[in-house]
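Asks:
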Ligand SMILES: Cc1cc2nc3c(=O)[nH]c(=O)nc-3n(C[C@H](O)[C@H](O)[C@H](O)COP(=O)(O)OP(=O)(O)OC[C@H]3O[C@@H](n4cnc5c(N)ncnc54)[C@H](O)[C@@H]3O)c2cc1C
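Numbering (our numbering), first residue to last: 9 to 408.
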């Protein structure tokens, strides 16, 4: 019997498994795919992600970015950048394999190509059933993403509500490195790279164009209940990017994937079981950032699992909910408020872009959201104060 079985080998699962193994537990990680596997993602990591890791990610960073360009529905551009680098761009197939290797290095046993299909909770253990095998453990972590099975099996969730999950369509389109440098750098005289975010292409969401070394990730995503005709809107968006950047792109093959975004009122714990990362809906609804929350929640669950093992009290996993509340859920609540303000209507986004164009302090607050440089509770408070004191008439026009 293992101390801990982790289902899912994304950033949440590998971070949880590594931290638990380093804490002395006997850990098995079950992953349905064989790595390297692709995962639809823009692959933008804020600097706080590296602050969570006890190793360097330089070997898998494709590029650094130092800010972004945010476009309104009429195409006006708001430049958001600081002199320091804001974050890293990675390919998920490479990044996730790297994290899985780090879990193996810490002593985690990994069963790849092994899909969990059932969970049995008994008084003395938990058993995970896969196609062809079964694994027994003291504790279980569900890190199996937005389409995962563990949360359903243990009764934490039946399905996502359509207003708590977004549908995204995107493609990684190969382009020469020089072309990417030309069309994604901030100016001809400076080679620092920016990410593009476009409002107005969908309701309750946005479009993006994000570079890797030799690929552009071009996508759109919006709340599921606003996602009618998303494929055609994505094609129209790719055309818009081609025209704006003077590119001719091969007809790209797209992938669709869902991303959950709370609101942070979900259940996260069941008997002997904790749910982490996307499987728990821990993604920022304002920016779509999920990797930070996946790693952080995985590490929190690992720390609770180590305490439970030491105390020989499996029900100690119940404290995982309160550790999330003290840390990530406060932040995600603020993100939820900011998302309502920014994504509620296209007019709201246009108005906020206009305010930030006129007001350098508001621009700094938007950079904080994009770069994850300050806790979102603080950013929310500062934005509210600034709107009330410096932009009261525009604030009244925002729809909530
Ligand atoms: C289009 C798009 C763009 C995004 N861009 C960004 C971005 O730029 N930056 C950012 O921070 N976040 C981004 N996100 C969010 C980010 O991808 C997720 O938040 C993050 O991957 C969550 O990690 P996770 O480990 O919880 O889940 P996942 O990465 O989804 O990993 C879950 C793992 O579990 C495995 N699994 C699933 N079911 C089973 C099963 N039954 N048995 C065994 N294994 C199973 C899967 O194969 C997978 O490997 C984006 C998401 C989307 C959809």
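Positions of the beta carbon are idealized from the N, C-alpha and C atoms, including for glycine.
Spell out the partners DSSP gives residue 144 in its beta bridges.
Replies: The sequence position of residue 144 within the chain shown is 136, counting from 1. 135.
Asks: Identify, in the order they occur along the chain, each residue of the same chain with its Cβ nearer than 7 Å to the Cβ of residue 369, setting aside the five sequence neighbours on each side.
Replies: As a first step, residue 369 must be located in the chain shown, where it is residue number 361. Here the set comprises 394.
Asks: For residue 306, count neighbouring C-beta atoms within 10 Å of its own C-beta (all shown protein chains included) and say buried if the count is 16 or more, exposed if not.
Replies: Within the chain shown, the letter at position 298 stands for residue 306. It is buried - the Cβ of residue 306 has at least 16 other Cβ atoms within 10 Å.
Asks: Please determine whether the Cβ atom of residue 157 lies at a distance below 7 Å from any heavy atom of ligand 1.
Replies: Working through the chain shown from its first residue, we reach residue 157 at position 149. Yes, since a heavy atom of ligand 1 falls inside the 7 Å radius drawn around the Cβ of residue 157.
Asks: Just to check my reading of the structure: residue 283 and residue 158 have Cβ atoms closer than 8 Å, yes? What is that Cβ distance to the nearest angstrom?
Replies: The sequence position of residue 283 within the chain shown is 275, counting from 1. The sequence position of residue 158 within the chain shown is 150, counting from 1. Going by Cβ atoms, the distance from residue 283 to residue 158 rounds to 7 Å, so yes, they are a contact pair.
Asks: Any idea what DSSP makes of residue 236, helix, strand or coil?
Replies: Numbered from its first residue, the chain shown carries residue 236 at position 228. In the structure shown, residue 236 sits in coil (DSSP, three-state: anything other than H, G, I, E or B).
Asks: Check whether the Cβ of residue 355 lies closer than 8 Å to any Cβ atom in chain B.
Replies: Within the model displayed, chain B is absent; a lone protein chain is all it includes.
Asks: Would you mind listing the beta strand (DSSP E) stretches within the region 196 to 243 that are 3+ residues and don't spill past its ends, in chain order?
Replies: 198 to 201, 203 to 206, 213 to 219 and 223 to 231
Asks: If residue 167 sits next to residue 351, beta carbons under 8 Å apart, how far is it from one beta carbon to the other, in whole angstroms?
Replies: In the chain shown, the residue the question calls residue 167 occupies position 159. In the chain shown, the residue the question calls residue 351 occupies position 343. Their Cβ separation, rounded to whole angstroms, is 22 Å, which puts residue 167 and residue 351 out of contact at 8 Å.
Asks: In angstroms with no decimal places, state the Cα-to-Cα distance between residue 169 and residue 298.
Replies: Counting from one through the chain shown, the residue named residue 169 turns up at place 161. Counting from one through the chain shown, the residue named residue 298 turns up at place 290. One C-alpha to the other measures close to 18 Å.
Asks: By Cβ distance below 6 Å, which residues in the same chain neighbour residue 302 in space, the five residues on each side in sequence not counted?
Replies: Taking the first residue of the chain shown as 1, we reach residue 302 at position 294. Closer than 6 Å at the Cβ level, and outside the excluded window around residue 302, lie 19, 20 and 285.
Asks: Work out the CA separation of residue 206 and residue 346 for me, nearest whole Å.
Replies: By one-based count along the chain shown, residue 346 stands at place 338. By one-based count along the chain shown, residue 206 stands at place 198. Taking the straight line from one Cα to the other gives about 17 Å.
Asks: Let me know if residue 408 comes out buried or exposed under the rule of 16 or more other beta-carbons within 10 Å of its beta-carbon.
Replies: Indexing the chain shown from 1 puts residue 408 at position 400. Its Cβ having fewer than 16 others within 10 Å, residue 408 is exposed.
Asks: Got a sec: does ligand 1 put a non-hydrogen atom nearer than 7 Å to the Cβ of residue 379?
Replies: Along the chain shown, read from residue 1 onward, the residue named residue 379 stands at position 371. Not so, every heavy atom of ligand 1 lies at least 7 Å from the Cβ.
Asks: Does the count of Cβ pairs from the region 114 to 125 and the region 136 to 146 closer than 8 Å reach three?
Replies: Between the region 114 to 125 and the region 136 to 146 there are three or more C-beta pairs closer than 8 Å, enough to call the two in contact.
Asks: Is the beta carbon of residue 101 within less than 7 Å of some heavy atom of ligand 1?
Replies: Walking along the chain shown from the start, residue 101 turns up at place 93. Incorrect: residue 101 has no Cβ contact closer than 7 Å to ligand 1.
Asks: Just mark residue 23 as buried or exposed, buried being the case when its beta carbon has 16 or more other beta carbons within 10 Å.
Replies: Here the question's residue 23 lines up with position 15 in the chain shown. Only buried fits residue 23, as 16 or more other CB atoms lie within 10 angstroms of its CB.
Asks: How many Å lie between residue 389 and residue 304 at the Cα?
Replies: Within the chain shown, the letter at position 381 stands for residue 389. Within the chain shown, the letter at position 296 stands for residue 304. For residue 389 and residue 304, the distance between alpha carbons rounds to 23 Å.
Asks: With a threshold of 7 Å on Cβ separation, who are the neighbours of residue 56 within its own chain once the five nearest residues in sequence on each side are excluded?
Replies: In the chain shown, counting from the first residue as 1, residue 56 sits at position 48. Closer than 7 Å at Cβ, skipping near neighbours: 300 and 380.
Asks: What would DSSP say about residue 33, mapped onto helix, strand or coil?
Replies: Position 25 of the chain shown, counted from the start, is the residue given in the question as residue 33. Three-state DSSP puts residue 33 in coil, outside helix and strand.
Asks: Is the region 24 to 44 touching the region 319 to 335, taking contact as three or more C-beta pairs under 8 Å?
Replies: no
Asks: For the alpha helix (DSSP H) containing residue 327, list its first residue and its last residue.
Replies: Start at 1 with the first residue of the chain shown, and residue 327 comes out as number 319. Segment 327 to 332, the alpha helix (DSSP H) holding residue 327.
Asks: Going by DSSP, what residues sit across from residue 121 in a beta bridge?
Replies: By 1-based counting over the chain shown, the position of residue 121 is 113. Beta-bridge pairing links residue 121 to no other residue.
Asks: Could you tell me which whole beta strand (DSSP E) segments of length 3 or greater appear in the region 163 to 190?
Replies: 173 to 182
Asks: Let me know the secondary structure DSSP gives residue 53 once reduced to three states.
Replies: Here residue 53 refers to the residue found at position 45 of the chain shown. In the structure shown, residue 53 sits in a strand (DSSP, three-state: E or B).
Asks: What does the Cβ neighbour count give for residue 374, buried or exposed, with the cut at 16 atoms within 10 Å?
Replies: Numbered from 1 along the chain shown, position 366 holds the residue referred to as residue 374. Buried.
Asks: Classify residue 256 as buried or exposed, calling it buried when 16 or more other Cβ atoms lie within 10 Å of its own Cβ.
Replies: Here the question's residue 256 lines up with position 248 in the chain shown. By the 10 Å Cβ count, residue 256 comes out exposed.
Asks: When you compare the CB positions of residue 146 and residue 12, do they come within less than 8 Å of one another, or not?
Replies: In the chain shown, residue 146 corresponds to position 138, counting from 1. In the chain shown, residue 12 corresponds to position 4, counting from 1. Cβ distance < 8 Å, so residue 146 and residue 12 count as in contact.
Asks: So, helix, strand or coil for residue 246, using DSSP?
Replies: Reading the chain shown from its first residue, position 238 is the one you call residue 246. Residue 246 falls in the helix class under three-state DSSP.
Asks: How big is the Cα-Cα spacing for residue 34 and residue 161?
Replies: Against the chain shown, residue 34 aligns to sequence position 26. Against the chain shown, residue 161 aligns to sequence position 153. Cα to Cα, the separation comes out at about 23 Å.
Asks: Please classify residue 245 as buried or exposed, where buried requires at least 16 neighbouring CB atoms within 10 angstroms.
Replies: Here residue 245 corresponds to residue number 237 of the chain shown, with the count starting at 1. Looking at its Cβ environment, which holds 16 or more other Cβ atoms inside 10 Å, residue 245 is buried.
Asks: Could you give the distance in angstroms between the alpha-carbon of residue 222 and the alpha-carbon of residue 253?
Replies: Counted from its first residue, the chain shown places residue 222 at position 214. Counted from its first residue, the chain shown places residue 253 at position 245. Approximately 16 Å, taken between the alpha carbons.
Asks: Among 164, 184 and 334, whose alpha-carbon lies nearest the alpha-carbon of residue 289?
Replies: Within the chain shown, residue 289 is the residue found at index 281, counting from 1. Comparing Cα positions, the closest option is 164.
Asks: Once DSSP output is grouped into helix, strand and coil, what is the label at residue 283?
Replies: On the chain shown, residue 283 is found 275 positions in, with the first residue counted as 1. Reduced to three states, the DSSP call for residue 283 is strand.
Asks: How big is the Cα-Cα spacing for residue 15 and residue 38?
Replies: Here the question's residue 15 lines up with position 7 in the chain shown. Here the question's residue 38 lines up with position 30 in the chain shown. Straight-line Cα distance between these residues: approximately 5 Å.
Asks: Using 10 angstroms around the beta-carbon of residue 62, count the other beta-carbons present and answer buried if the total reaches 16, otherwise exposed.
Replies: By one-based count along the chain shown, residue 62 stands at place 54. By the beta-carbon neighbour count (other beta carbons within 10 angstroms, threshold 16), residue 62 is exposed.
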